[in-house]
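Everything below concerns the one structure shown next.
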Amino acid sequence: MSQRADASQCGGVVVEFESGEIKDARVKQSTSIPGLALIYLKGPKFLIYVSGALSMWGDRMWHFAISVFLIELYGRNLLLTAVFGLVVAGSVLLLGALIGDWVDRNPRNKVAHASLFIQNISVTICSIVLMLVFLYKQRIEQIWDGWLTVVCYTVVIVLADVANLASTALTIAIQRDWIVVITGYNRGHLAGMNATMRRIDQVTNILAPLAVGQVMTLASNVVGCGFILGWNLVSLIVEFFFLSRVYRIVPALSIKPPVEDEDEDEDQAQAYLQRMERRTSQEEGDVAHPQPLTEGNCNTSLNLKEITNLPLCFRRFRWLVSTCKDGWRAYYRQPVFLAGMGLAFLYTTVLGFDCITTGYAYTQGISGSLLSLLMGVSAITGLMGTVMFTRLRKTYGLVNTGIISSCLHLGCLLLCVCSVFAPGSPMDLSLLVPSITPNSSTELGGMTSQRQKHTYPLRGGSNQPLLPDRSSIHWTNNTVLFDNVPSGTAPESYISIILLFLGVITARIGLWSFDLTVTQLLQENICESERGVVNGVQSSMNYLMDLLHFIMVISAPQPQHFGILVIISVLFITTGHTMYFFYAHKAKRKLRLDT
10 MSQRADASQC GGVVVEFESG EIKDARVKQS TSIPGLALIY LKGPKFLIYV SGALSMWGDR
70 MWHFAISVFL IELYGRNLLL TAVFGLVVAG SVLLLGALIG DWVDRNPRNK VAHASLFIQN
130 ISVTICSIVL MLVFLYKQRI EQIWDGWLTV VCYTVVIVLA DVANLASTAL TIAIQRDWIV
190 VITGYNRGHL AGMNATMRRI DQVTNILAPL AVGQVMTLAS NVVGCGFILG WNLVSLIVEF
250 FFLSRVYRIV PALSIKPPVE DEDEDEDQAQ AYLQRMERRT SQEEGDVAHP QPLTEGNCNT
310 SLNLKEITNL PLCFRRFRWL VSTCKDGWRA YYRQPVFLAG MGLAFLYTTV LGFDCITTGY
370 AYTQGISGSL LSLLMGVSAI TGLMGTVMFT RLRKTYGLVN TGIISSCLHL GCLLLCVCSV
430 FAPGSPMDLS LLVPSITPNS STELGGMTSQ RQKHTYPLRG GSNQPLLPDR SSIHWTNNTV
490 LFDNVPSGTA PESYISIILL FLGVITARIG LWSFDLTVTQ LLQENICESE RGVVNGVQSS
550 MNYLMDLLHF IMVISAPQPQ HFGILVIISV LFITTGHTMY FFYAHKAKRK LRLDT
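Just so you know, we're using our numbering here: the sequence shown kicks off at 10 and counts up by one.
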């Protein structure tokens, strides 16, 4: 007897049996390749990827273009570019903790939408101002004895800085918080999303400057400003829609841990004093016992009264300082503090494709076309690092992945150290010794002239300010910054420069794998209520260490000094990886004790 006949005898069961077949067919159809593709395209991961790609593409175009615009506006001088770089780095260094605290205290959708709106509108207004300055530059220079030009430059730098601060807040919110919630705190999925976002960043870091550079070269700077303006307006709409949809389809994003309400000024002062009292009582070990009325408590009450009687602006300032201090303290007490500091130390280096290394390569006779090719190869090795990270994490775990990546990074950088002493290296330590006597100066000059046969210092002066940047693959317009540098002349030997770039390019495999390792460690080990402020302080530390490497270059700007900068960079990187080794040792020891 068939199953259908059996079912007919049971009355009504046939309907249930047929509905089960229909359900299975629907499930099978939905799990087909087109069905899975449609589900993925509508899912939160894909929407985050597209939104992140649009945001990163716009950021890279704008970062590249603003440096070129400032150079063109100031007569091909790097002064405005240097001022902009210092303002950007200084603002994030000072306000990183406040930005992170703001991210923690507000709903996720409001933070993302506000950051996105401020960033894109600031870039749009700045592009309009730049277009007007390029079109009517001569007229503007004649108004107010040229002071209107200074006002325009100030407005451009301030708006660009505001856009960068908003971009920092958006990066902290999406890449350090939203991704963790979207993956459901699954470490494997989190590693995959982190690696994919980094691959998108790698690709856009190369292609976006090329795209806007072609527009500016084939058309004009005004057309370039218009192109960036249009891109930001379209990107604002698309990103706003995508992020809103992600927020709706992932209910967990609407849930955040409660925070103390400190909107009222008196509450802010009282909360500040309460934190100070709790911290003092914890240090004294008397938390569980109430404190009797003492002279210390009376002083605390007097301090509270003094704070509440302060003018509004002073109370606000005091609260901002307190928030910054609490943010840095929160960063310091994290279990992954050493890992984060180790990552920050990696920013103090000249061993990357930034304007410094590019300028040095030009002085060694490397052409711009070859440098562009090398940048493309470095992007490929960076992508290899993201793939290696996911494989190593699955096989050896996250902490061990960081150890392997650190060893690989340091091993490749040994090639850079060897390049300092290889044939063709322009390093000359005697240039650091000031000449005392005429004879010594004559001998020094002869020695220098012999070592400079294959170097070509910039005509604009060796102490020109350089533009800081926080990314490992830096953006710059080589044809503008170094258009006075002779290129194509063969040096005495290519061994030194080959070893240098071989080390820089191969080291990016370990560098990006290590970067992703520390990023995920921060995501996994920081509590949700402090995720924003800790990552904000981490951004501040990255900018601080990045500024140090530009100070090094200003102190030793000649190509003959570059070998010293290479050695100092390797020392900083070694220190950073050593910090991570200490963290890994502590983490493994704690794991053994817990088990």
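We treat Cβ as the ideally placed atom computed from N, Cα and C, and that holds for glycine.
By the criterion of at least three beta-carbon pairs nearer than 8 angstroms, the segment 125-133 is not in contact with the segment 194-202. In this structure, L407 and L509 do not form a Cβ contact; the two beta carbons are roughly 32 angstroms apart against a cut-off of 8 angstroms.
CA-to-CA, the gap between T226 and P218 works out to about 12 angstroms. Note on geometry: alpha-carbon atoms of Y162 and Y405 lie some 52 angstroms from one another.
In the DSSP assignment, S331 falls within the alpha helix (DSSP H) that extends over L321 to Y341. Contact between A339 and V527 does not hold, since their C-beta atoms are separated by about 17 angstroms, which reaches or exceeds 8 angstroms. One Cα belongs to L321, the other to I264, and the distance between them is close to 32 angstroms. In the structure shown, S376 adopts coil according to DSSP, grouped into three states. With contacts defined by Cβ atoms closer than 9 angstroms, F354 and M65 do not form a contacting pair. Inclusion of I75 and V164 in the CB contact set at 9 angstroms is not warranted, their separation being larger than that value. Inter-residue distance for G109 and W337 is about 11 angstroms (C-alpha atoms, whole angstroms).
Rounded to the nearest whole angstrom, the C-alpha separation of S522 and S415 is 9 angstroms. Sequence-distant partners of F581 (beyond 5 residues in either direction) whose C-beta falls short of 6 angstroms from its own C-beta, in its chain, are F354 and T357.
Between L424 and G512, the C-beta gap is smaller than 9 angstroms, which places the two residues in contact. Here DSSP, grouped into helix, strand and coil, assigns M436 to coil. In the three-state DSSP reduction, I237 falls in the helix class (H, G or I).
For L423, the uninterrupted alpha helix (DSSP H) run begins and ends at L407 to F430, by DSSP.
When rounded, the separation of the alpha-carbon atoms in E539 and N115 is 12 angstroms.
Between the segment 92-105 and the segment 239-256 there are fewer than three inter-stretch CB-CB distances shorter than 8 angstroms, so the stretches are not counted as touching. Burial check for Y194: the Cβ neighbour count within 10 Å stays below 16, so the residue is exposed.
It is roughly 13 angstroms from the alpha-carbon of G541 to the alpha-carbon of E533. By the 16-neighbour rule on beta-carbons within 10 angstroms, S548 is buried. With respect to the C-alpha of L139, the residue from L79, R69, M588 and V345 having the closest C-alpha is L79.
Non-local beta-carbon contacts of T133 in its own chain, meaning distances under 7 angstroms to residues more than five positions away in sequence, involve L238, N241 and L242 in chain order. A direct Cα-to-Cα measurement between A565 and G222 gives close to 31 angstroms. Taking C-alpha positions only, L419 is separated from V426 by approximately 10 angstroms. With fewer than 16 other Cβ atoms inside 10 Å of its own Cβ, D603 counts as exposed. Separation of the CB atoms of C135 and L168 is rounded to 4 angstroms, and the pair is thereby assigned contact status at 8 angstroms. Taking a 10 Å sphere around the C-beta of A228, we find fewer than 16 other C-beta atoms and assign the residue as exposed.
Per DSSP, the unbroken alpha helix (DSSP H) holding E533 starts and ends at I504 to N534.
Under the three-state reduction of DSSP, Q184 is assigned to helix. The beta-carbon distance between I365 and V579, rounded to whole angstroms, is 15 angstroms. This is too long to meet the 8 angstroms contact definition. Each residue's CA atom was taken as its position, placing T213 and S381 some 15 angstroms apart.
Within the model, the alpha-carbon separation for G545 versus G351 is close to 16 angstroms.
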